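In what follows, a single structure is set out as structure tokens and then discussed.
Written out as structure tokens, the structure is:
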């Protein structure tokens, strides 16, 4: 069915319908634009979210990356970032394939509609002009007929009047004949205009307007088809990226399935296993011996000796048996001696592996330079061999430096492993080194053991260096040095070695001499007794000048 035959008299309806179709396209174009902006904003928010929760710097030393649960989270963030990229692809395709194309077609559709409507108005104006000519001819014919009738009646009246002259009668007859002639002319003109108008009207209603209406119908159907394609493309745009989005979601699922709880527990063990043994059983301390002392022990020297015994007793009684506490600030050393033995061995091995990789890289580069130099020597036109000397020298120096570094770290590794082996042969009494960090306990915090704790074959701690000789401070009571600060005991110390002084946990002592690098600090009690204590066992507070 066609508009030209079925809606031949509905020009206004067709005009409104075509305009409504254009308005619908404009509405859909705006809808696609808004959807595009939503997709772009969504993708931007997803990328911002990924950036917020992604690690700032990724390093091999990052302990978190060793846990499968954290690696899975990073993989999920990466997949989400790819997912955001697909939302951007959707927005871009919507903008290019639908928005831009429909906008261009909309402009063409408006121009075509305007042209067809102008043709319809022009045909209507031509028909109206033809009708006006017909109406004018009709009115003139009607007027001439009336004038001719009046002239005829006047001629008859004059002819019947006996008082009129012959000349008047002739004149009236001539006037009547003239009017009749004019009637014939206007009649012919009217007939001609009527025939022309009927032809124009037939052309208008059966040819021109049906053709214009059919053109408008074809244009509107094409518009509908274009809109239908845009509707399909709206869905296809997202369907095209669904496989990639599905892969992103599959990647997230795979990341979740890669989490290994037992593996993470093993990673934690490998990262923080100290190698120390658990503390041994406490021995019975017989305080009844103090009752049997004689009254002769009341002398000043005996009191000091008793005070030392009491302090030792207090120190032993308050020995820290449970190795959990606050994490002390570590002083990182190049040989990793600040770490527990097991962790130190792993760090040294890892450092040696890294140095060997770098060394191999430099060796390969040196071989390549030597080959290039040999080529230059055989073919001077390719380059000057002497120009490679600076690089060869620099590479050789780098190789030598790296070899020395490897040798140094291998020496430390041998020392660390040798201590572990020696402990398997004999059980020695070890105490933490004065300038080393405390051991790493099971919860990841560093804690010092009391010096009287005995370690087994996997202890890995070095013995404290020998304190200064007692002869160095025999004259302390005769020549007292002014304190330079105070020291608070973090852990008990029995002071069993010559030149040391026992202390209880939390005891405050006067600082006489700071650590000179040997791991010992010289302190004094309020009663004047002086001696050395491990630097790592006290918190130093210097007096303000």
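Residue numbers (this note's numbering): 45 to 589.
Built from N, CA and C at the ideal position, the CB exists for glycine as well.
It should be emphasised that the depicted structure is a prediction, and the values quoted were computed from it without experimental measurement.
Could you pull out every residue in the same chain whose Cβ sits closer than 6 Å to the Cβ of residue 389, ignoring the five residues on either side in sequence? Taking the chain shown and counting its residues from 1, one reaches residue 389 at position 345. So the qualifying residues of the chain are 460.
So who's on the other strand from residue 585, going by DSSP bridges? By one-based count along the chain shown, residue 585 stands at place 541. Answer by DSSP bridge pairing, in chain order: 530.
Please state whether the Cβ-Cβ distance between residue 263 and residue 163 is less than 8 Å. Mapped onto the chain shown, residue 263 falls at position 219. Mapped onto the chain shown, residue 163 falls at position 119. No.
Which residues does DSSP pair with residue 547 in a beta bridge? The residue you call residue 547 lines up with position 503 of the chain shown. DSSP lists 537 as partners of residue 547.
Would you mind giving the Cβ-Cβ distance between residue 48 and residue 255, rounded to the nearest angstrom? I have them listed as a contact below 8 Å. The sequence position of residue 48 within the chain shown is 4, counting from 1. The sequence position of residue 255 within the chain shown is 211, counting from 1. At roughly 7 Å, the Cβ-Cβ gap stays under 8 Å, so residue 48 and residue 255 are in contact.
Taking the beta strand (DSSP E) that residue 564 falls in, what are its first and last residues? As a first step, residue 564 is located in the chain shown; it is residue number 520 there, counting from the start. Counting along the chain, the beta strand (DSSP E) containing residue 564 begins and ends at 564-568.
Unbroken stretches of the alpha helix (DSSP H), 4 residues or longer, contained in the stretch 196-257: Taking only runs of at least 4 residues, the alpha helix (DSSP H) segments lying wholly in the stretch 196-257 are 210-247.
Kindly provide the ranges of any alpha helix (DSSP H) runs that are 4 or more residues long and lie completely inside the stretch 111-138, ordered along the chain. 112-137
Beta-carbon proximity list for residue 359, same chain, < 7 Å, skipping 5 on both sides: Within the chain shown, residue 359 is the residue found at index 315, counting from 1. Annotation note: pLDDT 42 at residue 359 (below 50); position unreliable, no value reported.
Reference residue 542; option with closest CA among 185, 113 and 564: In the chain shown, the residue the question calls residue 542 occupies position 498. Closest by alpha carbon: 564.
Tell whether a beta-carbon distance below 8 Å holds between residue 559 and residue 292. Locating residue 559 in the chain shown gives position 515, counting from the first residue. Locating residue 292 in the chain shown gives position 248, counting from the first residue. Contact: no.
Going by DSSP, what residues sit across from residue 576 in a beta bridge? To locate residue 576, count along the chain shown from 1; it is residue 532. Its beta-bridge partners are 544 and 566.
Bounding residues of the beta strand (DSSP E) (the contiguous stretch that carries residue 555): Stepping through the chain shown from its first residue, residue 555 is reached at position 511. Segment 552-557, the beta strand (DSSP E) holding residue 555.
Near residue 197, what residues of its chain come up, given a Cβ to Cβ distance below 6 Å and the 5 sequence neighbours on each side ignored? Along the chain shown, read from residue 1 onward, the residue named residue 197 stands at position 153. Within the same chain, and ignoring the five residues on either side of residue 197 in sequence, no residue has its Cβ closer than 6 Å to its Cβ.
Please state if the CB of residue 121 and the CB of residue 86 are separated by a distance shorter than 8 Å. Residue 86 sits at position 42 when you count from the first residue of the chain shown. Residue 121 sits at position 77 when you count from the first residue of the chain shown. Cβ atoms of residue 86 and residue 121: not closer than 8 Å.
Own chain partners of residue 557 with C-beta closer than 8 Å, once the 5 adjacent residues on each side are dropped: Locating residue 557 in the chain shown gives position 513, counting from the first residue. Hits under 8 Å: 525, 528, 565 and 566.
Using CA atoms only, rank isn't needed, just tell me which of 452, 307 and 408 is closest to residue 436. One-based indexing of the chain shown puts residue 436 at position 392. Selected option, being the one with the closest Cα: 408.
For the alpha helix (DSSP H) that residue 416 lies in, which residues bound it at each end? As a working note, residue 416 is residue 372 in the chain shown. Residue 416 -> alpha helix (DSSP H) spans 385-422.
Backbone CA spacing between residue 432 and residue 424 [nearest angstrom]: Locating residue 432 in the chain shown gives position 388, counting from the first residue. Locating residue 424 in the chain shown gives position 380, counting from the first residue. If you take the alpha carbons of residue 432 and residue 424, they lie about 13 Å apart.
Take the Cβ of residue 446 as the centre, count every other Cβ of all protein chains shown within 10 Å, and call the residue buried at 16 or more, exposed below. What you label residue 446 is simply residue 402 of the chain shown in a count that begins at 1. When all chains shown are included, residue 446 counts as buried.
Taking residue 99 as the reference, give the member of 119, 61, 89 and 88 with the closest Cα. As a first step, residue 99 is located in the chain shown; it is residue number 55 there, counting from the start. The option with the nearest alpha carbon to residue 99 is 119.
Does any residue of chain B have a CB that is nearer than 8 Å to the CB of residue 230? Within the model displayed, chain B is absent; a lone protein chain is all it includes.
Rounded straight-line distance, which links the Cα of residue 168 to that of residue 212: In the chain shown, counting from the first residue as 1, residue 212 sits at position 168. In the chain shown, counting from the first residue as 1, residue 168 sits at position 124. Computed Cα separation, rounded: 52 Å.
For residue 116 and residue 306, the rounded distance between their alpha carbons: Indexing the chain shown from 1 puts residue 306 at position 262. Indexing the chain shown from 1 puts residue 116 at position 72. Cα to Cα, the separation comes out at about 15 Å.
Residue 151 - DSSP class collapsed to helix/strand/coil: Position 107 of the chain shown holds residue 151. In the structure shown, residue 151 sits in a helix (DSSP, three-state: H, G or I).
Should residue 57 go down as buried or exposed, given a rule of 16 or more other Cβ atoms within 10 Å for buried? Looking up residue 57 in the chain shown gives position 13. Counting Cβ neighbours within 10 Å, residue 57 comes out exposed, since fewer than 16 surround it.
Compare the C-alpha of residue 581 against each of 572, 158 and 551 and name the closest. As a position in the chain shown, residue 581 is number 537, starting the count at 1. Among 572, 158 and 551, the Cα nearest to that of residue 581 belongs to 551.
Following the continuous alpha helix (DSSP H) through residue 52, name the residue where it begins and the one where it ends. Reading the chain shown from its first residue, position 8 is the one you call residue 52. Counting along the chain, residue 52 falls outside any alpha helix (DSSP H), and DSSP gives it neither H nor E.
Hey, would you say residue 439 sits closer than 8 Å to residue 413, going by beta carbons? As a position in the chain shown, residue 439 is number 395, starting the count at 1. As a position in the chain shown, residue 413 is number 369, starting the count at 1. Yes, they are a contact pair.
Given residue 222 as reference, the closest of 205, 209, 188 and 204 once Cα atoms are compared: For the purposes of this step, residue 222 is taken as residue 178 along the chain shown, with counting starting at 1. Checked all of 205, 209, 188 and 204; the closest Cα to residue 222 is 188.
What did DSSP end up calling residue 65 once you bin it into helix, strand or coil? Position 21 of the chain shown, counted from the first residue, corresponds to residue 65. Correct three-state label for residue 65: helix.
Should residue 287 be labelled buried (16 or more other beta-carbon atoms within 10 Å of its own) or exposed? On the chain shown, position 243 is the one that residue 287 refers to. The residue is exposed, with fewer than 16 neighbouring Cβ atoms inside 10 Å.
Using 8 Å as the cut-off, can you tell me whether the stretch 271-283 makes contact with the stretch 132-143, which would need three or more C-beta pairs spanning the two stretches below that distance? yes
For residue 90, which of helix, strand or coil comes out of DSSP? Stepping through the chain shown from its first residue, residue 90 is reached at position 46. Note: residue 90 maps to helix in three-state DSSP.
Under a three-way DSSP split, which group does residue 160 fall into? Here residue 160 is taken as the residue at index 116 of the chain shown, counted from 1. Residue 160 falls in the helix class under three-state DSSP.
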